[in-house]
Each structure stands twice: as structure tokens, then as C-alpha cells.
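Asker:
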Amino acid sequence: MEILSLQLAINSISVSPDAKLLICGGREILKIFKLENKITEDRSLRIGKPNLNYSTQDLAWHPRQSNYILSAAKNSCIVLWNLDKSGPNKLDLIFKGHSKVVNRVKWQHTNYDVFVSAGQDGMIKLWDKRVADQVILNLQGNAEGARDVSFSPFKENLIAASFDNGQVQIWDLKMPNPLCKIGAHKRNALSIDWHPNYADLLASAGSDKNIKVWNAQSSELVCKVQAPEPVAKVSWVPHENNQIASASHTLDNNLYIWHLNEPSLPHFVYRGHAHPIKDFLWVGDSIITCSEDGNLIRNPRENAYRPHKYLAKHSLAVSPLNVLATYSDSQTPSNPDELLSQADRSLIHHTSKMKIYDLGDYKTEIENLASSYQLKGKNVEQLCKENAAVSRKKAPIWNSVEHLFKSSYSVDYPWINTIILNALQETIDYYSEIGDVQTAACLSAVFNYRGPVREYGDLLRQLNLHHEATKLDIPQPNVEIFLRCKCGKISEDQPCSKCKDISNCAVCNLPVKGLYSWCQGCCHGGHLMHLKNWFSRETLCPAGCGHQCSFENF
Amino acid sequence: MAELIDKLELRSESYVHCISFNYFGDRMALSCADQSIQVWNLEENKWKLSAKWNAHNGAVFKVRWAHPEFGTILASCSFDKSVKIYEENPQENSWTLLASLVESKEPIEDIQFAPHHLRLMLAACSSNGEIRIYEPSSVVNLKVWSVTKMFSACALGSNCIAWNPAVHEPPMLLIGNNDVQTATEKFGKNFDVDEELLQLWAVSEDTKEWEKKCVPARIHERSIVDISWAQLMGRSKHLVASCSYDGIVVIWRIDGSTGAMESEMNIRDDVGGPVWRVSWDVLGTMLTAINGDGTVKVWKRNLQREWAEVGALQNR
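Which chain is which? The protein sequence lines are C and B, in order. Taking UniProt numbering, the leading residue of the first sequence gets 1, the next gets one more, and so forth. Taking UniProt numbering, the leading residue of the second sequence gets 1, the next gets one more, and so forth.
1) Do residue 449 of chain C and residue 438 of chain C have their C-beta atoms within less than 8 Å of each other?
2) List, in order along the chain, the chain B residues whose C-beta lies closer than 7 Å to that of residue 317 of chain C?
3) To the nearest angstrom, report how far apart residue 255 of chain B and residue 292 of chain C are at their CA atoms.
4) Which of the three DSSP states, helix, strand or coil, is assigned to residue 133 of chain B?
5) When you compare the CB of residue 164 of chain B with every CB in chain C, is at least one pair closer than 8 Å?
6) How about residue 317 of chain C and residue 19 of chain B: do their beta carbons lie closer than 8 Å?
7) What residues of chain B sit near residue 437 of chain C, judged by a beta carbon separation below 8 Å?
8) With distance defined between alpha-carbon atoms, name the residue in B:184, B:170 and B:219 nearest to residue 338 of chain B.
9) Would you check if the distance between the CB atom of residue 241 of chain C and the CB atom of residue 261 of chain C is smaller than 8 Å?
10) Any C-beta of chain B within less than 7 Å: which residues of the segment 248 to 273 of chain C qualify?
11) Thinking just about the alpha-carbon of each residue, which of B:42, B:314 and B:230 is nearest to the one in residue 459 of chain C?
12) Cutting at 6 Å between CB atoms, please list the residues of its own chain near residue 216 of chain C, excluding the five before and the five after it.
13) Indicate whether at least one CB of chain B lies closer than 8 Å to the CB of residue 425 of chain C.
14) Which residues of the segment 211 to 232 of chain C have a Cβ closer than 7 Å to any Cβ of chain B? Give them in chain order.
15) Among C:197, C:48 and C:167, which one has its Cα closest to the Cα of residue 189 of chain C?
16) So that I know if they touch, is there some Cβ in chain C lying closer than 8 Å to that of residue 202 of chain B?
17) Would DSSP call residue 39 of chain C helix, strand or coil?
18) Just curious, the alpha helix (DSSP H) that residue 105 of chain B is in, first and last residue?
19) Can you tell me whether residue 217 of chain C is helix, strand or coil according to DSSP?
20) What residues in its chain sit with their C-beta under 6 Å from that of residue 108 of chain C, if we drop five residues either side in the sequence?
21) Between B:127, B:262 and B:220, which has its C-alpha nearest residue 248 of chain B's C-alpha?
22) If you draw a straight line from the C-alpha of residue 386 of chain B to the C-alpha of residue 174 of chain B, how long is it?
23) Using the C-alpha atoms, what's the distance from residue 382 of chain C back to residue 374 of chain C?
24) If the criterion is Cβ atoms closer than 8 Å, does the pair residue 47 of chain B and residue 37 of chain B meet it?
25) Going by CA-CA distance only, name the one from C:58, C:400, C:309 and C:177 that's closest to residue 120 of chain C.
26) Around the C-beta of residue 412 of chain C, are 16 or more other C-beta atoms found within 10 angstroms, so that it is buried, or is it exposed?
27) Under the rule that 16 or more other beta-carbon atoms within 10 Å means buried, what is residue 544 of chain C, buried or exposed?
28) Less than 8 Å between the beta carbons of residue 255 of chain C and residue 13 of chain C, yes or no?
29) Please confirm if residue 485 of chain C has its CB atom under 8 Å from at least one CB of chain B.
30) Within the segment 214 to 266 of chain B, note down every full beta strand (DSSP E) run reaching 3 residues or more, in order along the chain.
31) With a floor of 4 residues, list each alpha helix (DSSP H) that falls wholly inside the segment 394 to 447 of chain C, ordered by position along the chain.
32) Using the beta-carbon of each residue, which ones in chain C are nearer than 7 Å to residue 288 of chain B?
33) Starting from residue 128 of chain C, trace the alpha helix (DSSP H) both ways and give me its first and last residue.
34) Residues of chain C with a CB under 7 Å from the CB of residue 24 of chain B: which are they?
35) Taking C-alpha atoms, which residue in C:134, C:116 and C:110 lies nearest to residue 153 of chain C?
36) With a CB to CB cut of under 8 Å and the five nearest residues on each side skipped, what residues in its chain are close to residue 534 of chain C?
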């Protein structure tokens, strides 16, 4: 990357036909540079006193005659520079006719003397470089300021222009009225570019952040690209039929290259400027950008950031139900030279598939054990015995902890006691460590030891096992179950019409948005479906208040 | 070990960058490169497309579910530099945009909701390494979100974040960063000094500000692509997995009280490409990862309590 700091904001650049010279123009700068191994200054065209004619908005080097350069000045004039002119001042002719700033000047490709200009006054004007002050043709867009204009590379009489009201207009210079007006953009249409190899294909871009490709013949939208910020300039990438470059108008200092098959993420990004890029062009294998920050940057074309390279093309996730979802990119890469219509593209990408794998059903096992384990209400030995009976797989551990526990009060030495109790704690920790949260939590609940009871409760809720979760004594200081709202208002509406707070369901502990059903007796309630399920198996209130609710009360 | 039970036809024009399950595992959100988010529901053991909408003005990088306590809420982040918060209208299977958070000047690489015991909070990680913590003005009005904390993790840029899920520990974020090579390509300027690839940040109990708590030994050699932090489930130390652009997967143990990080396993993928995603199961007993050619690998602990690869699924 080569950075040349010119200190002055640059609005436009243009390159000589032999690609050896580059002209750079801005409000206070108009200089020619030599493009060699390094970019070096050749000369400045600003001679003598500062003059508004030097204040450059746009530049166009003649495509064949390397001595002619056009500059659109801020003062609504167009200046023709002739580098072969004798004397230090190369200013050849001044073309006056626009009443406001001229946004764009472009040479005709076939007729070496003709050029076109687009002005903020809304006019498109055709000029002859040999005759100053005489407009060959005036085209009135009737669409506010004209931002860009361009000759079709295939039909010499065809021009396209873009306007501040968002329109793109196609004109045949032999006709008095435009061939078509396309409502291309929601806001200003700031830039257009004809496709260099496909007749009738036209790219436009605007303040609405869209870049659109049109068929100028049928006015149909071919495809659309979404840029991150308003787009000031678009251009087709040389030798790449499917790629468009864009520079942003504000807020964004990058040059983006978009592949039309991937319209949501740039294919390449060139960075390095501190202000928005005003103009860019390709010279051989490098790309040159200029910006308001006063820098000229030359980058080798391949020296770009490729966002795709660092973005996941494959993805996976494991669900709480132990299901694995995977996505793997299986797109068939399209031929890069083929310009595809939108319909074709969706056909190509239709094959992407996701696969769902079952990693083993642990929910059923947890559910069975959770519903049959006894955790309180009896003495410890009895609980262990019963739990060993219901769990065939985990029976050995329940049996051994029962023996361990029994032996702890059958010996008289307190130090043995301590060892045994530590062994119990270690057993619980071991099960935590290997991820058997159910065994760890249930052991700790039975023996009243430290263990992952809360995590186990959360897991049960996550698996929709609310009944089993409520069997655990989990202190939940953050959850309040209200019979009436905190603010004192008794309200059936959720959230409470007075204080806008939401009550939680006594079964699942999640807030009830919508219908809140509650018992007339104890005033606890929640989601209707949860309560219905609860009372199909239980008789006491799910909130644990001890009230014998009857479902008819709800 | 893993049985293929379903194949989903996506009708999408482009990549799926992120798959995310809801709290119960019966809904799945996909973030796609074609600017869309898709939501799939599990109905009678079949996944069915419930909604698909154009969510962003650029490729959607990540999508995440909020805890159901806060409603049916999705957050997504994108190349378009914004985070968007969506809420479902349950009757219509459609999603309403609640808020669009546009504070970042760079694309947002990752977002993560804080564990629900902390309250409704969202961490967003910009590609320039800025981390923002967003909070809604109130739980019942999710239309207004503001940045409550912001810090810069790494000048080379960050790619992924993960919250510490444990209840009794201060809020912690593990952040995965770029290496010099990626940052130089990404930002178009030269960075001389390599920075930490992984950083553990925590809210200091004294100042209540986010502070860098720990930087683990450098095992990854390239940019970190994804992090997965397992549920604690009563373990003495946390299990965290990270994967990087050079195909290395590391399982870390993090001491929740001191923040000390040690590696327990590291494996370099023999394909040589990136490992794009890692994911723990709910219990933290099994780690899955998908690599550059779409192969899924599964690790479990063996009887010697070492991590061993138990299977590979060819995903093509």
C-alpha cells in the first residue's frame, strides 16, 4: 500500500490514456502525478492567483488525446485544459452554461470532440470541445439536481443520467424526451455506471444505501446490493463482469467491491482512508483511491480484506434437548463470468441443507429419575434405599452412600466421622465434576450437603419438568409470587395496569403475559395450561403455600 | 453415537453464519448471509419453518435468544453495524422490530445475552474490539436500550464473546480477538505488536467497572473464531472451549473466584483450515466442533477423565 499525503481534500482523479499520468483535483488542488514505481508530482495546473475555475469537482482525461483534460469547477464552469498549449498556463477554454455546480463531466467514446455534463441545476448538457460557450444539446431532466451522467459504451447516442429525486433517466440524443425514467432510489441517485461488456446493463447507487443493476432496455431491476452507508460512487470492476465497486458518501471510509452473487457482504474491502473516499480507479493491477482526508492511496488489487475469509461457512449448535444442528455450505460455485439473473441465483443456492442429529436422549432418563427420586420427608437411610430401588443404573452409589452414612453414627471416633462426611461431600463433588448433575444434586438434597441443587432445578425447568423442579427446595430470593400486585392493586390484567409490573407463574416461574389465572382461595396462579397440568396430578397449591386449591376455583 | 434424524431444506440464498437454540431447545433461530433471520419450531418431532424475515441491511452474523423470563426476544447483529432486537407476535408467527442499536462504527461480530440472573443485558462485540453492554430502560419496555458500559478489549479487533453463566460469581466475559495477520488484512494498516488472543474481563467488586482479569497462555496461534462457555453444573472450575482460525480447539478450566485459566486439552485439526464453531451440550459433558471442511467432531471424557474424540460426522 502506497500513501501519498497531499494535505488537501481531493474530489476527483482521472488517468491519462497511456496510464502513466494521474490528475488529482479538489477545491484547492489541481495537480498531475507520474505513476511510476512511486507516485511523484509532475506539475500543478493552478497557475497564478487562486481562481474559482481551479476549484475542481470532477475530472475527465480525454480517452484518446492525452493532452486534453476536462475539469468541472465549483463555480458552475467547465474548464478544458490543453497540456500541449504553450506557456505555463494550460487553461484552454471555459464552458459556461450551467447555473449551479457541475457534478460530472464525461467524454464521448466515439466522437473525440463531444462531452457531456451533469449540473446541480438539473440540466444535462452536450458540448463540443472546439466551441466554448455553445451548448450542442440541452436535456432537461425535470428531476432536481443531476448528479451523474454517462455515455453507453455500445450505443453512441445513448446516455444515462441520475438525479436528486432518485430517478435514473435514459436518453437517446436524437429524441426530445427520455426513453425511460426509472424510479431507482428512494433518495438521491448519486452515481451510475454502464456495464463495460454487457450492453444495456446499468448500475446505479444512491443515498438510500442501495446499489441496483438495471436492464436499461426494459427498465427491469436485475439485482440489488445493500451497502452499509449512502453510496456516492459506483463503478464496474474492470475484467470482472460480476463485480461492482462502491465508495460511501458519509460515515464510511472504505472502498467496497461487491460480487453480485453475494449482495449482502462485500467481496473485497480496501481500507486506509480517514475520511470517505471521493473517487477511485484502476490502473493495471492496482487500485487508486482519493479522499477528503487529502491522501492518495495506491493498493495492489489483491491487497484487499476479504470478509468471507473470516466468516463461518459452517455452523453448529447443541440444544438443551441434546440435539445437534449443523449447517455446512454446499453451494455449487457459480461461473464467475456469468452474469446471473436473480431467478437463476436462487436456483443455485437452493441446495443448502441443515442436518439435525440426535446425540442421545438424556431427557427421558432424567425425567424418569426426577419423578421417582424421593428427596425429603423420610429419614436418610430410607430415602437412599428407595432411591436405589428406583434407579437401577445409579443404585450402587445410593447403596454405598447409605452404608457410609450408617457407619458414620455407628462408630464412636469423631475423626472417622469427619472422614466419612468428607467422603460424602467428595462423592457429590465427583458427580458434579463428571457432569452428572442429577445424582450430585439429589445426593446433596438428601444429605443436605453442598451441591448443584439450583443448577439441577434450572435444568429441570429447561427440560419443561416443572413438577419435578418444584419438589426441590430452591431458595429463590429474586422471585416473588404475588397474590396481588406489589403496588397493592388487585388486577387480572398483566402487566398490572397501575405499576406495569408482571407477575410470575407459580408453576414455571416465568412471567405471565396475557391471561393470568389464579386461585380465589390463596390467590396464587399463573399460566392456565401449567395450572391445569399441575392439578391433574396434585392437589396442593404449586406456590407451596399449603392451600388445597381446587381447579374450579381458577 | 449421533444419529441423523432430520434434514432441513433452507430456501436461503446464502450461508447460515449462526445457529441458536432457545432456552427449551424447541425453537431454532438461524442468521443468514442474505440479511435474513429464520425461526424454526419443533412440532411433533419435526422442524418446521415458522418465520423468515429480512432483518438487516447486510449479512447477519449472529442471532441469540433472550431468556424466556423476558418474553420471546431475539437479538441479532450484522455487517451493517447494528444490533436489532425483535419480539415475536405469538398469534401471527411474525416478529416485530423493537429496537435498533447503532452505536458501533464497525460491523458487530458477536452478541450474547447475559445469564438471566444478572437481569436483561446484552453484550455486543464490534470488529474493532469495542465491547458494549446494552440494557433496556425497563423490562416491560424493550424499545429503548442504552449503552450502560463500554470498554475496548483489543486494538486488533474482537470476534466472539461469552458470559460466565454461574450465579454466585461476578459478571465475566471471555473475549476472543484477532491476531496481527487478520487485523492487518482487516483494517488495512500495519500492526506491529501481537496482542492477547483471549482475554477474561470481569466486573470489579470495588469499582464496579469492567477490568481485564486474566490472559491465558498463548496456545492458539491465529485469530479466535468462537467460544463456548459450558454451564457450571456444580463443578469446581468452569469448562470453556475456544477455537481458532488455524484449526486449534482448546478446552480451558477457569477458576470462577480468581479468574485463573488453564488449558485442559488442545487439539489441532488435521485439515489445517479454521474450526468455525464450538458448542457444549447442556451438561458440559460433550464438546462438538465443526471445521473448515464441514466435519463435526465430538469429544467426551473417557474413564481416565481425559478428553477423547468419540466421533466425527462427515457433514457434506
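Glycine included, every Cβ here is placed at the ideal spot set by N, Cα and C.
Answerer: Result, derived from the coordinates:
1) no
2) 19, 20, 21 and 279
3) 51 Å
4) strand
5) no
6) yes
7) 233, 234 and 283
8) Because residue 338 of chain B is not part of the residues shown, which for chain B are 1 to 316, the question remains open.
9) no
10) 262, 264, 265, 270, 271 and 272
11) B:230
12) 170, 200 and 202
13) no
14) 226 and 228
15) C:167
16) no
17) strand
18) Run containing residue 105 of chain B: none; DSSP gives neither H nor E here.
19) coil
20) 114 and 151
21) B:220
22) Since the first residue shown for chain B is 1 and the last is 316, residue 386 of chain B is missing from the structure and cannot be characterised.
23) 9 Å
24) no
25) C:58
26) exposed
27) exposed
28) no
29) Residue placement at residue 485 of chain C is poorly supported in this model, since its pLDDT is 49, which falls under 50; the coordinates are not used for a value here.
30) 224 to 229, 238 to 244 and 248 to 254
31) 395 to 410, 414 to 433 and 437 to 447
32) 316, 318 and 324
33) Run containing residue 128 of chain C: none in the alpha helix (DSSP H); it sits in the beta strand (DSSP E), 123 to 128.
34) 320, 462 and 464
35) C:110
36) 466, 467, 507 and 542
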